[in-house]
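For the first sequence, numbering that gives the first Met the number 0 begins at 0 and goes up steadily by one. Idealized CB from N, CA, C, for every residue including glycine. Report on the structure given below.
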Amino acid sequence: MALTNQEIADIFDNIADMMEINGENRFKYLSYRRAGETLTDLPRDLQAYVDDGTLTDIPGVGKAIGDKIKELLETGQLQFYEKLRAEVPETLLEIKRINGVGPKKAKLFWDELNITTLPDLEKAAQEGKLRNLSGMGAKSEQKILDGINALSRNRGRTPIGAAQNAADAILNELLELPQVEQGIVAGSLRRGRPTIGDLDLLVVSDEAAPIMEHFVSMSRVARILGQGPTKSSVELRTGLQVDLRVLPRERFGTALQYFTGSQAHNIRIREIALKQGYSLNEHALRPVDSDGNMKDESEYLYCATEEEVYEAIGLPWIPPEIREDQGEIEAAQQGKLPHLITTDHLIADLHMHTTASDGTLTIREMAEAARERGIQYIVITDHSQRNIIANGLSTERVLEQQKEVRQIDESYGDDFHILHGIEMDILEDGSMDYPDEVLAQLDFVVASLHFGLTQDRATVTQRLINAISNPHIDCIGHMTGRLIGSRPGADIDFDAVFSAAVEHGTILEINANPMRLDLDAQYARRAIELGIPLAINTDAHSANQMDLRSYGILTARRAWAEPENVVNTWPFARFLDWIRARG
DNA sequence: GCCGTTTTCGGCCCGACTGTTTTCAGTCG
């Protein structure tokens, strides 16, 4: 069984941590960490790059790391890594994950007290053995105990929907303070990543102290991690970490650019700034002379908007969703940034449920909810018969439902359109849940995996290809079936599935539900490059869930999607032509 | 270890906060 990209990325991340603890050259271990991050976001299996001879075209992958990837793919092991593991106990990496403990402290505990595991460290802290080490004290010791406690509370990254709700609640509370002019979300939430490590909030104000005081004493705060004049960090009772920065209006542009990241994007941006004679930080662009000396403060360039920051270094504004150093900077330099899709472009929703299966509203109620949101046409797609728990429709019921859809559709005249479809299960044995003669009578068929998600890669991939090859099936819904934070998606050969989609012209869905966001951006971007049409669908089971389409838009924007790439932007007549042409 | 419209060698972003220090190292993002 070949190692996955993520498994190899994790190995490189461990290598970086171990080298850092070993005190090795900073730029060396940063290279491994950078490579790990890049591999996580790749749209294809690493083996495919090896086969193409394009492995070292991946940014951050040179000869040394490329050879290590090949060794891992061929043998499942890496000599270099095994040697490191023999030197540095792997359990030290767990200790390094404690907030406030870095490589130096981990090494200190190991060297001085022979501590290599979390329980040993906790015991030593409780017995007061850490405070006597150099650079340590009673406070640091207590911080470590708190940090170990927090480790058991925190369960990794937070899904974007929950993070957004938490951010909204905190910002609304802060906005009630008289000193707060404006509050905005930055960080990976602003970039639309499907999961968020911690919240970065930015507030505009000339008077930071009372804001910081209120922030750290909110009732939802479990622990204060730091509190300063411009930056404070807290841990919420939910385990989520929130960082707040307060800056004056005239620095808002540099601050927002800086705190939005990504780190990789910002490093590139600051390198470009340096070449243009500026040192860029969150406060200003500061002119630097050729000897590297900072000029007088009177010559600092302050930016109230992000546009001014990018303009000052000769670039157009880059949308946050694509700030990942994955080609956006080169595109900006060449004037080739994509014109990303926005929520306003969405005039259709091609996947939703009603009371006929497991939705909460009737066909007409769903239609009204869509109309209120500016949607011009929808497809009703309840579950098919296999999905018994969701009250899936038998072939008789689905044909019966069609009559009702037609009736309601006619009542709207040309104002609004309702098509009739189904979200049909792709069965475990690779067959379809309805016979072709039933599918042929439906306007639009979304085919999805709900069962057998843990089957082996070849089997799941073949099921998807079977669906894509069926001429009555128009769209693949939430392809991997993942539920963020609770269920990994099916193991799929994306290259093979994409090839089939190209051949048959099948639409691939970006499911907008924030627990799904499936296809994820890296795959959606690959699909766009291959010319595969995408759909952004809410899969709504209620009216409120239609508002979740903004998350689908974020994901599509992360995939560099322009309106033309997404069928939900097409006028109704064009969409109708398209489904008729498919027969 | 990676990378190249100033480089195949010599660079590699930048600051806030904490706790321990008597001016700074460690950690974080």
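Closest in C-alpha terms to K402, from the list N24, E270, S231, L418, comes L418. In the DSSP assignment, G182 falls within the unbroken beta strand (DSSP E) covering 181-184. Proximity of the region 496-504 to the region 341-349 falls short of the contact definition, fewer than three beta-carbon pairs being nearer than 8 Å. In the pairwise beta carbon analysis, the region 350-357 is classified as touching the region 388-395: at least three pairs are separated by under 8 Å. Excluding its 5 nearest sequence neighbours in each direction, N4 has C-beta neighbours in its own chain below 6 Å: L38, L41, L45, listed in chain order. Here the C-alpha atom of V397 lies approximately 8 Å from the C-alpha atom of I421. Taking a contact as a CB-CB distance under 8 Å, the pair Y550 and G160 counts as one, their CB atoms being some 7 Å apart. Between H352 and H540, the C-beta gap is smaller than 8 Å, which places the two residues in contact. The distance from the Cβ of Q178 to that of E206 is about 4 Å, consistent with a contact at the 8 Å cut-off. E249 is positioned such that its CB atom lies no closer than 8 Å to that of Q240. Taken atom to atom, the span from the alpha-carbon of D432 to that of I467 is near 14 Å. Between the C-alpha atoms of V203 and V245 there is a straight-line separation of about 6 Å. Annotation note: the region 359-439 contains the following uninterrupted beta strand (DSSP E) runs of length 3 or greater, listed N- to C-terminal: 376-382, 416-424. For a cut-off of 8 Å, the C-beta gap from T554 to L516 is around 5 Å, short enough to register as a contact. In this structure the region 219-237 does not lie against the region 178-187, because fewer than three pairs of beta carbons, one per stretch, are closer than 8 Å. With fewer than 16 other Cβ atoms inside 10 Å of its own Cβ, G61 counts as exposed.
Boundaries for K103: no beta strand (DSSP E) harbours it, while the alpha helix (DSSP H) harbouring it runs 102-112, taken from the DSSP string. One alpha carbon belongs to A63, the other to G227, and they sit about 42 Å apart. Secondary structure note for I535: its beta strand (DSSP E) is the uninterrupted segment 533-536. CA-CA distance, N265 to I321, rounds to 12 Å. If you draw a 10 Å sphere on the C-beta of E508, you find 16 or more other C-beta atoms in it, and that means buried.
The Cβ atoms of H350 and D538 sit closer than 8 Å to each other. Cβ atoms of D492 and R456 come within 8 Å of each other, at about 6 Å.
I483 carries a coil assignment under DSSP once its states are collapsed to helix, strand and coil. Closest in C-alpha terms to T259, from the list A283, P318, Y301, A208, comes P318. Distance check between M135 and each of I147, D119, A105 places A105 closest, using alpha-carbon atoms only. Nearest to A331 by C-alpha distance, out of G65, M293, Y80, L314, is L314.
Rounded to whole angstroms, E367 and H382 show a C-alpha spacing of 21 Å. Taken through DSSP and simplified to helix, strand or coil, R248 comes out as helix.
The DSSP-derived three-state label of D517 is strand.
Comparing C-alpha distances from I377 to each of V445, L188, L426, D435 shows the shortest one belongs to V445. Counting along the chain, F214 sits inside no beta strand (DSSP E); it lies in the alpha helix (DSSP H) bounded by residues 208-215. Beta bridge pairing from DSSP links N510 with D517, N536. Here Q125 is exposed. Its C-beta has fewer than 16 other C-beta atoms within 10 Å. If only uninterrupted beta strand (DSSP E) runs of at least 3 residues are considered, those enclosed by the region 214-288 are 220-226, 230-235, 240-246, 277-279, 284-286.
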